[in-house]
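Its first residue numbered 1, the sequence shown is counted upward by one per residue in this note's numbering.
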Amino acid sequence: MPVEGAIEWRKRAGKISNLEEEIAARPLPPTSVAIGHTRWATHGAPTDQNSHPHVAGRVAIVHNGIIENHDQLRAELGEVEFASETDSEVAAHLMLREVESGKGLVDAMRAVVAKLEGAFTLVAVDAQDPDRIVAARRNSPLVVGVGSNEYFLASDVAAFIAYTRDAIELGQDQIVELTRDGVNVTTFDGAPAETKSFHVDWDLEAAQKQGFDWYMRKEIFEQPKAVSDTLLGRLNDKGELQLDELRMSPELLRRVNKIVIVACGTAFYAGLVAKYAIEHWTRIPCEVELASEFRYRDPIIDPMTLVVTISQSGETADTLMAIRHAREQHAKVIAICNTNGATIPRESDAVIYTHAGPEIGVASTKGFTTQLVACYLLGLYLAQVRGMKYGDEIAALLAELERMPEAIQKMLDAKSTVYDLAEELVDATSVLFLGRHVGYPSALEGALKLKELAYIHAEGFAAGELKHGPIALISQDLPVFVVVPPKGRDQLRDKVISNIAEVRARGARTIVLAEADDEEARAVTDTLIELPKVSTLLQPMVAIIPLQLFACELATVKGHDVDQPRNLAKSVTVE
Ligand code: M6R
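This is how it looks when you write it as structure tokens:
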């Protein structure tokens, strides 16, 4: 029997089904207030004790983020007995101390967050105040869902999209209180906070698997639509490129003398592709940097620098910190982001949204191709406002972008070659990916997909670097994927074909992505994956499709959980 005025909780490590079994065995009493959290352990092993919620007497909390001064706070809490090894549990005991001193839950939260260092979203309930949930956020995401007679708190709207598409953005250092009477948001200092409501433009169906075995596979197959949605509405009446949401004046963009692209993981590889396109089209020097490295090396940026950040989730902590650093140096920041209302677009000067719809699979797929589209659009827009390209040249490139959904569809239709390959290579222990020019970031992204999903050694190299070391890795039957540039970039293409011949001569199994009529590439190929004819700079949009399909299928054949690869989280909201 539940105890009046006490917290009832259930928690289990591992899959949600473990928790479902536990609740089926020991049902929870009916309630109108509840909190929960799926947490990737940052402190302590992934065990039942270390999972959330953390309960201290009459209080329970869930926490996303990292409390950096948890050791010091544990010491301050003196005699308290801790049930877990987590940083989060200190917040539960601090909350208890505050409510026991007579504070209400909101004031208790305010007192607790004042002691915490690091990144946190904290959500708390008090058994003696059972109609209230209080949450706070710093450097970690939190949105409020507004339903009919019900409210939700979550890191991402996907968590409550089944119940409502209306949401409220919360700003940095804010506390939100949910009661039967409504939502009340204040700052950490206690002042009323301004909030912004928004409506989510996708629904539950978009967030479900629709007959696919994995979200990732569904998202790979959604790419033609995601790309075409991201291109929608980008032209004005005169046929010129316009980026409506880019709240940045042409005058300002004309003054920019350097671009720095900052991102992580797959988004970083999209940035590497963007560098080739932006420099070629605009002649503005463009650097690409890992967000986690950016602010620690004291980068040279000033008010004439345009910092472009790329993030599917809009919540990646490393990227967010890079934005803050860039803005402190008075650089202007444009975010390329897929998530309306996320922190990264909110903290940037301007945003270009990708319209990929929700990306649920941990491995980014449609996130990548739509980020490429946004980067191309930004490059062409800069070329337009700075007069670096004639209108007809921009129109021709936009027309080619418009044809990309069809080209991607062709790659998807040819999936069986890749699926057969995955079956054949199920026991491979190492796979290499080679490319040059924009084929190089494609190779890096192909390798990342394989690492994160199939858990095998995979590396991407610039093909020209082979002779400087990596060729020593080539051994009999080692699978080597090579992206061949389109015919017409013959000097570059010839070099890549020589690289393929070199690795093949050393026994490698060559899997070559090249145009169907590229007979020279075919001649050095064990398995050919045919690419449609597209211009060089746009080739990553088609070349990446078989690499995504290969990783998804190989992981499936190996029996891995494709949507939730081990040790990975979808949004990395800690540094
Ligand atoms: O949400 P973001 O685009 O900022 O995420 C960046 C990376 O964490 C992300 O791309 C990650 O590398 C993916 N798991 C790759 O598939």
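Every residue gets a Cβ at the ideal spot worked out from N, C-alpha and C, and that includes glycine.
Asked, Found
"Taking Cβ positions, are Gly314 and Glu219 nearer each other than 8 Å?", "no"
"If you compare alpha carbons, which of Ser571, Asn567, Thr573, Val125 is closest to Thr14?", "Position check: residue 14 holds Gly in this sequence, whereas Thr was assumed. Among Ser571, Asn567, Thr573, Val125, the Cα nearest to that of Gly14 belongs to Asn567."
"Would you say Glu452 touches ligand 1, meaning its beta carbon is less than 7 Å from a heavy atom?", "yes"
"CA-CA distance, Met1 and Glu21?", "At Met1, the pLDDT of 39 sits below 50, so the modelled position is not reliable; the number obtained from the coordinates is stated separately. Taking the straight line joining both Cα atoms gives about 19 Å."
"Residue range of the alpha helix (DSSP H) that Arg165 falls in?", "Run containing Arg165: none; DSSP gives neither H nor E here."
"Mind reading off the beta-carbon distance from Thr187 to Gln174? Whole number of angstroms is fine, and I expect it under 8 Å.", "6 Å"
"Near Gly145, which residues of its chain fall below 6 Å by C-beta distance, leaving aside the five closest residues on each side in sequence?", "Phe152, Phe160, Thr164, Ala167"
"Under 8 Å between the Cβ atoms of Ile352 and Leu243?", "yes"
"Taking 8 Å as the threshold, find out whether the stretch 273 to 287 comes into contact with the stretch 222 to 240 through three or more Cβ pairs.", "no"
"Just to confirm, is the Cβ distance from Asn64 to Glu117 under 8 Å?", "no"
"Fully enclosed by the stretch 379 to 462, which alpha helix (DSSP H) runs are 4 residues long or longer?", "391 to 402, 404 to 413, 415 to 424, 439 to 454"
"If you run the structure through DSSP and keep just helix, strand and coil, what is Cys375?", "helix"
"Based on the DSSP output, what are the partners of Cys286 in its beta bridges?", "Ile259"
"Helix or strand or just coil, what does DSSP make of Ser155?", "coil"
"State the start and end residues of the unbroken alpha helix (DSSP H) segment that holds Thr556.", "540 to 557"
"Just how far apart, CA to CA, sit His437 and Ala462?", "8 Å"
"Taking only the alpha-carbon atoms, compute the straight-line gap between Ala514 and Asp213 and give it to the nearest angstrom.", "29 Å"
"May I ask which residues mark the beginning and end of the alpha helix (DSSP H) holding Pro345?", "343 to 347"
"If I measure Cβ to Cβ from Ala369 and keep anything under 6 Å in the same chain, skipping five residues before and after, which residues do I get?", "Strictly speaking, residue 369 in this sequence is Thr, with Ala absent from that position. Excluding residues within five positions, the ones whose Cβ falls inside 6 Å are Gln223, Val227, Met541."
"Compute the Euclidean distance between the alpha carbons of Ile7 and Ala162, then round it to the nearest angstrom.", "27 Å"
"How many Å lie between Ala414 and Ile474 at the Cα?", "28 Å"
"Rounded to the nearest angstrom, what separates Met95 and Ala34 at their Cα positions?", "17 Å"
"Can you check which of these residues, Ala396, Ala543, Pro30, Thr536, is closest to Asp490 by C-alpha distance?", "Thr536"
"Assess contact between the stretch 464 to 483 and the stretch 281 to 288, defined as three or more Cβ pairs (one per stretch) separated by less than 8 Å. Is contact present?", "no"
"Answer yes or no: the CB of Thr266 versus the heavy atoms of ligand 1, is any distance below 7 Å?", "yes"
"What first and last residue would you give for the beta strand (DSSP E) that runs through Asn64?", "59 to 67"
"Could you tell me if Pro303 is buried or exposed, where buried requires 16 or more neighbouring beta carbons within 10 angstroms of its beta carbon?", "exposed"
"Which residues share a DSSP beta bridge with Glu251?", "None, per the DSSP bridge assignment."
"What separation, rounded to the nearest whole angstrom, lies between the Cα atoms of Leu554 and Ala422?", "5 Å"
"Less than 7 Å separating the Cβ of Thr319 from some heavy atom of ligand 1?", "yes"
"To the nearest whole angstrom, what separates the beta carbons of Gly367 and Ala356, a pair I think is in contact under 8 Å?", "6 Å"
"Identify every run of the alpha helix (DSSP H) within the stretch 68 to 110, keeping only runs that are complete inside it and at least 4 residues long; order them along the chain.", "70 to 76, 88 to 100"
"Tell me, which residues are paired with Thr527 by DSSP?", "Ile511"
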